[in-house]
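So the sequences go chain by chain: Y and X.
In terms of this note's numbering, the first sequence opens at residue 1 and continues consecutively.
In terms of this note's numbering, the second sequence opens at residue 1001 and continues consecutively.
Here is the structure we will look at.
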Amino acid sequence: MSISPDAVVLERALAGDAAALTALWEAHREWTAAILMAHLPGRVELDDALQEVAVTLVRELPGLRDPQAFRPWLRAIAVNAARSHGRRERRERPDALAAEPCDPASAVGRASLADEVDAVLAMVATLPVDLREPLLLRAVDGLSQREIAVALGLPETTVETRLARARRALRQRMAQQTAPDHGSNRRVQPCR
Amino acid sequence: MQMNPANPTDPADAGGSASPLELAMSRVVDRADGLEDWRALDRQAAGDPALWHELVAMLRQDATLRVAVRPTVQRAAGHVELGAPRGRWLSSRSTRWAALASGWLAAAVACMGWGAAVWRSAPGVTSAPAPHTAVAAVEPGAPQVLRELDRVVLRAEPTADGVGYDLVYLRRVLERARVPELFGVAEDEHGALVPTPVQPASLVRPTEF
């Protein structure tokens, strides 16, 4: 079994090296944020949830028994943090979740890149989470299909299939939204 | 590959697999394509030239997604630092409480490492008995400053121009703070530092303040 590039850093962090812990976090925080984004689609409190993951990482890392399982372990922390935030939001801001989602089509037809970005993000939020998660992880720099497979605890072929399905679904939804007769009678809000 | 905008069903939502053609297109997007993928695409496009349009649209969609995701993720990640604690780090329920209360994670962790080092090494302060070393995760808010102890000169050198000396010294400020929990530091069987709850009675107090 090959040793992942950050195995040495992880071992040093587990041994109590603070600089290694910082390096470990910096190497993994972006894809962790992508996991949160996949599980908290359209939400704004990404920073708060990521802060919670960081705190849990510091608190729980000494208990990590298998360094090879670091990525799925960190992913599980992120998923739990996202669920916790989701529950908190449902409890504290029920109106926010009950609000009608924005309409991706309102941005698709417009020309600017910012609108196109809004539309794609809104479309991604409508995908099932098992497709959304690998798609967002792939969009983050530096994560190969193999690394995604390790993080998600899935075979690499499954990740490849889910990516293909996610792209097809996203493409189909974009095509649906740009169809001329789309949404003539729908009451929707424009995207931010 | 024909997309059917009028079809409300979305096979991607229902689970299942991807066709060889969809896998080939996805590999092109991922820059993981091979000759066989292009042969499959060529064969399909011979009867359905719109496939090339779909492939271009998928590539554009992927580029747009990267533009959408990366800044958001990088911005969030950039806001959440562990700080740069020197030496050894520790974990504690107290730090979690403090960090969740006001985003003080970096400060709390750094404070703990710094506190442990100073407690062990500062002249005039008696160390707690082995194997524990007292560590405090200080609550958010200003601690009460009691007084400043003598400064410890670490280095003294004549200045380059011969006037006076360059000093490097340690300032020691005695503070009082309220902490929710007390943790000590002990070594486990692998020599790693681990937090251990301690009772105030087990700590040696250098003096009363």
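Quick reminder that beta carbons are idealized off the backbone N, C-alpha and C, glycines included.
| Asked | Found |
| --- | --- |
| Inter-residue Cα distance where the pair is Val79/Y and Leu1154/X | 48 Å |
| Beta-carbon gap between Val1073/X and Met123/Y smaller than 9 Å | no |
| Candidates Ile35/Y, His85/Y, Arg87/Y, Leu61/Y, of which the one nearest Val1069/X by Cα | Ile35/Y |
| Within-9 Å CB hit, Glu89/Y to chain X | no |
| Same chain, Cβ closer than 7 Å to Ala169/Y, five either side skipped, listed in chain order | Leu127, Leu131 |
| Nearest-angstrom Cα separation, counted from Arg12/Y out to Arg20/Y | A small fix is needed here, since residue 20/Y is Ala in this sequence, not Arg. Taking the straight line from one Cα to the other gives about 6 Å. |
| Three-state class that DSSP yields for Val1163/X in the structure shown | coil |
| The stretch 1013 to 1027 of chain X / the stretch 160 to 178 of chain Y touching (three or more Cβ pairs under 8 Å) | yes |
| Below-9 Å beta-carbon distance, Ala1077/X vs any chain Y residue | yes |
| Pro1049/X classed as buried or exposed, judged by whether at least 16 other C-beta atoms fall within 10 angstroms | exposed |
| In DSSP terms, what Leu1149/X is bridged to | Arg1172/X |
| Whether Ala1156/X touches Leu1167/X by CB criterion (9 Å) | yes |
| Listed by chain order, chain X residues near Ala33/Y by CB distance under 7 Å | Val1073, Ala1076, Ala1077 |
| Alpha carbon of Gly63/Y to alpha carbon of His1079/X, nearest angstrom | 26 Å |
| From Gln1061/X, Thr1159/X, Arg1147/X, Arg1075/X, residue whose alpha carbon lies closest to that of Ala175/Y | Gln1061/X |
| Contact under 9 Å by Cβ, Leu57/Y with Trp25/Y | yes |
| DSSP state of Arg65/Y mapped onto helix, strand, coil | coil |
| Min CB distance Gln145/Y to chain X below 9 Å | yes |
| Candidates His1053/X, Trp1038/X, Arg1066/X, of which the one nearest Val117/Y by Cα | Arg1066/X |
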